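Visitor: Protein chains in written order, with UniProt numbering: chain P, 1 to 342; chain H, 1 to 342.
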DNA sequence: CTGAAAGCGCTTACAG
DNA sequence: CTGAAAGCGCTTACAG
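#1: Considering residue 227 of chain H, what are the terminal residues of the alpha helix (DSSP H) in which it resides?
#2: Following the continuous alpha helix (DSSP H) through residue 56 of chain P, name the residue where it begins and the one where it ends.
#3: Flag residue 48 of chain H as yes if its beta-carbon sits less than 9 Å from any beta-carbon of chain P, otherwise no.
#4: Could you have a look at residue 341 of chain P and say whether DSSP puts it in helix, strand or coil?
#5: Starting from the beta carbon of residue 169 of chain P, find every residue of chain H whose beta carbon is closer than 9 Å, and list them in chain order.
#6: Identify the contact partners of residue 162 of chain P in chain H, using a Cβ-Cβ distance below 8 Å as the criterion.
#7: Just mark residue 272 of chain H as buried or exposed, buried being the case when its beta carbon has 16 or more other beta carbons within 10 Å.
#8: In chain P, which residues lie less than 9 Å from residue 123 of chain H when you measure between Cβ atoms?
#9: With which residues is residue 118 of chain H paired in a DSSP beta bridge?
#10: Take residue 293 of chain H and list the residues in its own chain whose beta-carbon comes closer than 6 Å to its own, dropping the five residues that flank it on each side.
#11: Measuring CB atoms only, is the segment 127-140 of chain P touching the segment 110-117 of chain P, in the sense that at least three cross pairs come out at less than 8 Å?
#12: Hey, residue 249 of chain P and residue 269 of chain P: beta-carbon distance below 9 Å or not?
#13: Does DSSP put residue 289 of chain P in a helix, in a strand, or in coil?
#14: Spatial neighbours of residue 32 of chain H within its chain, please: CB distance less than 7 Å, with the 5 preceding and 5 following residues excluded, ordered by chain position.
#15: Need the endpoints of the beta strand (DSSP E) that residue 170 of chain P sits in, please.
#16: Where does residue 309 of chain H fall in DSSP's three states?
#17: Considering just the uninterrupted stretch of the beta strand (DSSP E) at residue 317 of chain H, what are its terminal residues?
#18: Provide the residue span of the alpha helix (DSSP H) that contains residue 17 of chain P, from first to last.
#19: So residue 92 of chain H and residue 60 of chain H are supposed to be a Cβ contact under 8 Å. How far apart are they, rounded?
#20: Examine chain P for any beta-carbon lying closer than 9 Å to the beta-carbon of residue 289 of chain H, and answer yes or no.
#21: Does the ligand SAH have even one heavy atom less than 8 Å from the beta-carbon of residue 313 of chain P?
#22: Find out if the Cβ-Cβ distance for the pair residue 241 of chain P, residue 215 of chain P is shorter than 9 Å.
#23: Per DSSP, which one or two residues make a beta bridge with residue 98 of chain P?
#24: Give the interface partners of residue 96 of chain H over in chain P, defined as CB-CB distance under 8 Å, in chain order.
#25: Which residues does DSSP list as the beta-bridge partners of residue 191 of chain H?
#26: With a 10 Å radius around its C-beta and 16 neighbouring C-beta atoms as the bar for buried, classify residue 176 of chain P as buried or exposed.
#27: With a threshold of 7 Å on Cβ separation, who are the neighbours of residue 53 of chain H within its own chain once the five nearest residues in sequence on each side are excluded?
#28: Residue 304 of chain H versus chain P: which residues are under 9 Å apart at the beta carbon?
#29: Which first and last residues belong to the alpha helix (DSSP H) in which residue 273 of chain P is found?
#30: Hey, would you say residue 371 of chain H sits closer than 9 Å to residue 184 of chain H, going by beta carbons?
#31: Please list, in chain order, the chain H residues whose beta carbon lies closer than 7 Å to that of residue 283 of chain P.
#32: Buried or exposed, going by whether 16 or more other CB atoms sit within 10 Å of the CB of residue 157 of chain P?
#33: Apart from the five residues on each side of it in sequence, which residues of its chain come closer than 6 Å, Cβ to Cβ, to residue 201 of chain H?
#34: Against residue 59 of chain H, what residues of chain P qualify as contacts under a CB-to-CB distance less than 9 Å, listed in chain order?
#35: Whose CA, out of H:277, H:151, H:87, lies closest to the CA of residue 319 of chain H?
#36: Would you kindly report the start and end of the unbroken beta strand (DSSP E) that includes residue 325 of chain P?
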């Protein structure tokens with residue numbers, strides 16, 4: 001390993017000077033800088049971030065916390081990671097995915113370790129024990145998502161109210177009235193996004209005076225399938241479903257099809273918060289509302305780094321709506337035909 | 001932040017002694033140890049890994065390298081990460097996912113940084129520039145997968161030959177003869193697993209004197225769909241497909257169905273190297289051969305840590321086969337019916 | 001503009 | 001069994 005000492009010796013300067021040119025922290029004459037840069041090049045120097053971290057008290061490592069040990073990582077979720085990490089590199093940080101449970105204690109360990117300068121929190125819950133732990137341990141963070149009361153916290157999130165409204169409006173326009181809402185339900189997780197979506201759904205059904213039909217579904221294709229297979233019996237009057245559970249959406253289509261229902265003639269579907277990847281799996285292709293994952297990943301990273309670098313700045317709080325992408329699963333409401341088999 | 005100095009002061013010992021009890025590196029009298037442990041508890045001490053890393057020259061951080069910036073992260077892939085990181089914690093390391101391209105230069109940067117002690121490499125290619133870079137920069141690593149000649153390298157991998165043979169045998173037993181092989185094809189990536197699978201496929205078809213039909217497909221559902229829709233025209237005599245592209249498998253079923261072909265009556269399918277998650281998305285459910293992701297993640301992590309801790313030990317080299325999970329996409333070969341629509 | 005020196009929090013021969 | 005001290009590679013007031 002070649003150190004600053006080696007570079008300093010070769011360039012015949014002090015290691016302080018080397019540090020100044022490496023970091024650009026102080027003015028250095030053109031001549032010396034060139035000498036130092038030549039030495040670095042010749043020796044193949046790369047600053048040891050461990051030494052720098054110890055001296056500075058900052059590592060320039062950021063962690064994305066996704067409870068990957070407890071639930072599947074969707075392609076949509078990995079889009080957040082991809083775009084956020086690219087953005088991180090752009091701003092001089094490394095963003096890594098830190099596998100951690102939905103667990104305050106593990107946060108405490110991470111915080112005390114001092115290994116990361118900040119945290120990007122995903123899959124935020126209404127009352128998130130991780131948020132409490134991060135605040136308690138004074139770890140800088142930003143959320144992709146938001147808690148029940150996020151007014152004092154930095155976040156970027158999906159504007160779920162408007163997205164639900166848009167999905168509902170789309171179905172209303174096709175003459176649907178009994179429009180169900182299928183949400184992901186995990187007992188251990190009180191996902192804030194789902195809660196807000198359900199609230200928006202209730203509001204919009206009440207405003208229209210239409211029935212409110214909530215369906216809970218695990219975040220696995222198999223549970224969507226199960227619901228689809230029993231759909232005709234369990235929801236005889238429902239002609240459309242808004243889905244907020246991208247893992248279950250293809251399974252739901254499979255289950256409906258298996259039970260002899262036709263999508264969209266018998267049941268129209270809109271998948272909320274998904275991506276082309278999931279939409280293309282089904283026949284017909286899902287009509288969906290795209291999660292702005294790339295945008296939110298970038299904005300979330302910026303929110304975090306802004307906090308890190310300027311604690312006085314305005315609190316970053318951003319909401320982005322999902323955007324409708326037409327597919328083949330929405331049709332005009334009509335009388336439910338008798339299932340062909342089942 | 002509470003440091004060893006603080007603990008030492010309170011316990012009235014030297015920081016060396018604190019270090020010895022924290023690490024268990026040297027014998028310490030019961031009495032002193034208890035004093036030190038009490039002090040640690042009272043102060044809420046946690047060893048600063050940055051300081052330790054600088055002193056030791058090791059960080060105890062391991063990186064899983066997945067070219068997540070370039071391709072989707074499947075659920076199967078995330079199972080590797082999940083199980084490997086759990087195992088890492090068990091062995092006293094932190095495994096994080098380091099987003100990095102398929103790029104030797106980025107490996108060099110990571111290596112020179114000294115931030116990680118070792119690397120777990122995924123999505124290994126036949127001639128992998130990352131392997132060359134890791135060797136050149138003397139970074140300890142283990143592969144999940146293997147290069148063209150891995151004889152001198154530590155790895156764990158799927159036993160593709162036997163898995164392909166098993167899938168083929170399954171279809172032969174149902175009377176199929178023209179069995180195609182659909183593999184993921186990405187121009188930038190010469191995925192070793194795919195190459196080995198295709199070689200095994202060629203061998204087995206030749207041995208049986210059956211046709212060899214190779215189909216290339218992008219790792220996206222949409223491309224599977226495209227192939228499915230044109231399947232009747234492009235492969236009129238093919239009655240079964242072995243799929244090695246879990247991203248495309250549901251799309252293929254969707255495309256076949258869309259074109260009026262019945263799965264499995266017209267076309268039988270076996271998805272190689274997949275999981276229940278993907279299998280449950282389609283109607284009927286996919287017959288698949290399960291990737292032993294959990295097992296390979298653990299074994300891969302062990303391989304890496306074994307190298308790290310005992311460079312003299314035997315080179316870890318493990319192959320695990322995929323295991324058949326019956327579904328609804330395999331049926332006896334019969335004459336292709338005329339597509340109902342298309 | 002440049003350098004000598006202290007310090008970041010730990011580990012580890014070396015003495016005793 | 002325990003401690004004083006050097007050292008890991010860097011940053012950053014403080015002098016000059």
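Even glycine gets a Cβ: it sits at the ideal position worked out from N, Cα and C. These numbers were taken from a predicted model, which means no experiment stands behind them.
Guide: Working from what's here:
#1: 221-229
#2: 49-56 is the extent of the alpha helix (DSSP H) around residue 56 of chain P.
#3: Chain P, which has a Cβ nearer than 9 Å to the Cβ of residue 48 of chain H, makes this yes.
#4: Any reading at residue 341 of chain P must be qualified, since the residue scores a pLDDT of 49, below 50, and its modelled position is unreliable; no value is offered.
#5: The contacting residues do not exist; residue 169 of chain P stays about 27 Å from chain H at best.
#6: Those do not exist, as residue 162 of chain P stays about 28 Å from chain H at its closest Cβ, beyond 8 Å.
#7: buried
#8: Ordered by position in chain P, no residue passes the 9 Å Cβ test against residue 123 of chain H, which lies about 14 Å from the chain.
#9: H:62, H:140
#10: 76, 79, 80
#11: A contact exists between the segment 127-140 of chain P and the segment 110-117 of chain P.
#12: yes
#13: strand
#14: 13, 17
#15: Note, residue 170 of chain P: premise wrong, no beta strand (DSSP E); alpha helix (DSSP H) at 160-173.
#16: helix
#17: 317-320
#18: 15-23
#19: 7 Å
#20: no
#21: This structure does not include the ligand SAH; it has no bound ligands of any sort.
#22: yes
#23: Bridge partners of residue 98 of chain P: P:65.
#24: 63, 96, 97, 98, 99
#25: DSSP links residue 191 of chain H through a beta bridge to H:125.
#26: buried
#27: 59
#28: Those do not exist, as residue 304 of chain H stays about 16 Å from chain P at its closest Cβ, beyond 9 Å.
#29: First-last for residue 273 of chain P: 268-274, but that is the beta strand (DSSP E), not the alpha helix (DSSP H).
#30: Here chain H comprises residues numbered 1 to 342, so residue 371 of chain H is not present and cannot be evaluated.
#31: 254, 257, 258
#32: buried
#33: 164, 181
#34: The contacting residues are 50, 115.
#35: H:151
#36: Note, residue 325 of chain P: beta strand (DSSP E), 323-325.
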